[in-house]
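Chemist:
In this note's numbering, the protein residues as written are 45 to 303.
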């Protein structure tokens, strides 16, 4: 694709009811309702997002999702048109729906999360009238990939704000490994906000398993000050290259913004 090389759940429940806010600091709490989002003008038609924390902590927007959504719209529109895209831990579908609205995708992308988020994802797909461009599906981290994901064989994985609960790190890591084993040429775009020291342990785990690169974004000086990190993960020895990237360097070497 252009710049890219070619049952009931038994997972731990990770919703807001089951995770202390001391472990997972939420953004400013909002009452349930709709929010219009343009990603600083990257979308000419605003994304309408239903936010509802009653479905879990993924039920409202988080900072890394905003950064990742804007990044994909700004740098990857053309290359994503022919991609097979899966959003991991989608919550209400912020990043995936932004891509569906703004990138002219030709195949239906997949929004995935736990069962608790399924109805909210479906609601937001309908709210934005992109049923021909997106579907909602259950994907529990650490479990075997659902058959529909295996059949779809995504080559772009979007993961915004998936690092939030340390006991889930091994489950998330297993799913990322499974996705890259399914398609070794896939690229994972991974953005998260560091909230505690343990969060960087996930990056160390990722470096052992994947090629981890900190990718160009002109907003990096701004979001870095907010402890937000933006990476790509690829299979070691993969020929995959992030679409539209000007330059990237291994995360262990990354320092000043890349130009």
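The C-beta atom is built at its ideal place from N, Cα and C for all residues, glycine as well. Remember, it's a predicted structure, so these values are computed and weren't measured experimentally.
Select from 93, 267, 216 and 227 the residue whose C-alpha is nearest the C-alpha of residue 163.
Modeler: 93
Chemist: Of the choices 232, 95, 253 and 239, whose alpha-carbon is the least far from that of residue 130?
Modeler: 232
Chemist: Tell me the DSSP bridge mates of residue 83?
Modeler: DSSP lists no partner for residue 83.
Chemist: With DSSP collapsed to three states, give me the class of residue 293.
Modeler: Caution applies to residue 293, whose pLDDT of 47 falls short of 50 and renders its modelled position unreliable; the value that the coordinates give is listed next. Strand at residue 293.
Chemist: Between the stretch 223-241 and the stretch 165-172, can you find at least three pairs of beta-carbon atoms closer than 8 Å?
Modeler: no
Chemist: Assign residue 189 to one of three DSSP states: helix, strand, or coil.
Modeler: It is coil, neither helix nor strand.
Chemist: Helix, strand or coil for residue 131? Go by DSSP, reduced to three states.
Modeler: Here residue 131 sits in strand by DSSP.
Chemist: Do you know offhand how far residue 79's Cα is from residue 136's?
Modeler: 11 Å
Chemist: Quick one: residues in its chain with C-beta nearer than 6 Å to the C-beta of residue 248, no 5 flanking neighbours on either side, listed in chain order?
Modeler: Apart from sequence neighbours up to five positions away, no residue of its chain approaches residue 248 with a beta-carbon distance below 6 Å.
Chemist: For residue 276, name the three-state secondary structure that DSSP assigns.
Modeler: strand
Chemist: If residue 105 and residue 134 are in contact, beta carbons under 8 Å, what's the gap, nearest whole angstrom?
Modeler: Incorrect: roughly 12 Å between the Cβ atoms, too far for contact.
Chemist: Please report how far the alpha carbon of residue 275 lies from the alpha carbon of residue 76, in whole angstroms.
Modeler: Computed Cα separation, rounded: 31 Å.
Chemist: Would you mind working out which of 181, 160, 226 and 161 sits nearest residue 152, comparing C-alpha positions?
Modeler: 181
Chemist: From residue 304 to residue 194, what distance separates their C-alpha atoms?
Modeler: The requested residue 304 is not part of the displayed model; the chain covers only 45 to 303.
Chemist: Between the alpha carbons of residue 154 and residue 266, how many angstroms are there, rounded?
Modeler: Rounded to the nearest angstrom, the gap between the Cα atoms of residue 154 and residue 266 is 30 Å.
Chemist: Out of curiosity, what's the CA-to-CA distance linking residue 272 and residue 150?
Modeler: Rounded to whole angstroms, residue 272 and residue 150 show a C-alpha spacing of 30 Å.
Chemist: In the DSSP assignment, the alpha helix (DSSP H) including residue 238 goes from what residue to what residue?
Modeler: Segment: none, residue 238 is in no alpha helix (DSSP H) and carries neither H nor E.
Chemist: Residue 245: buried (16+ other C-beta within 10 angstroms of its C-beta) or exposed?
Modeler: exposed
Chemist: Hey, quick one: how far does the alpha helix (DSSP H) through residue 268 stretch, first residue to last?
Modeler: 264-268
Chemist: Using the three-state DSSP reduction, which class does residue 123 fall into: helix, strand or coil?
Modeler: helix
Chemist: Taking the alpha-carbon positions, what's the residue 303 to residue 262 distance?
Modeler: Note that residue 303 has pLDDT 21, beneath the 50 cutoff, so the model's placement of it is unreliable and no number is given.
Chemist: Is residue 163 helix, strand or coil when you go by DSSP?
Modeler: helix
Chemist: Going along the chain, which unbroken runs of the alpha helix (DSSP H) with 4 or more residues stay wholly within the stretch 177-232?
Modeler: Every alpha helix (DSSP H) of 4 residues or more that sits fully in the stretch 177-232 is shown, in chain order, as 191-196 and 213-226.
Chemist: What number of angstroms, rounded off, separates the C-alpha of residue 264 from the C-alpha of residue 235?
Modeler: 12 Å
Chemist: Under 6 Å Cβ to Cβ from residue 185, same chain only, skipping five residues before and after it: list those, please.
Modeler: Here the set comprises 215, 216 and 219.
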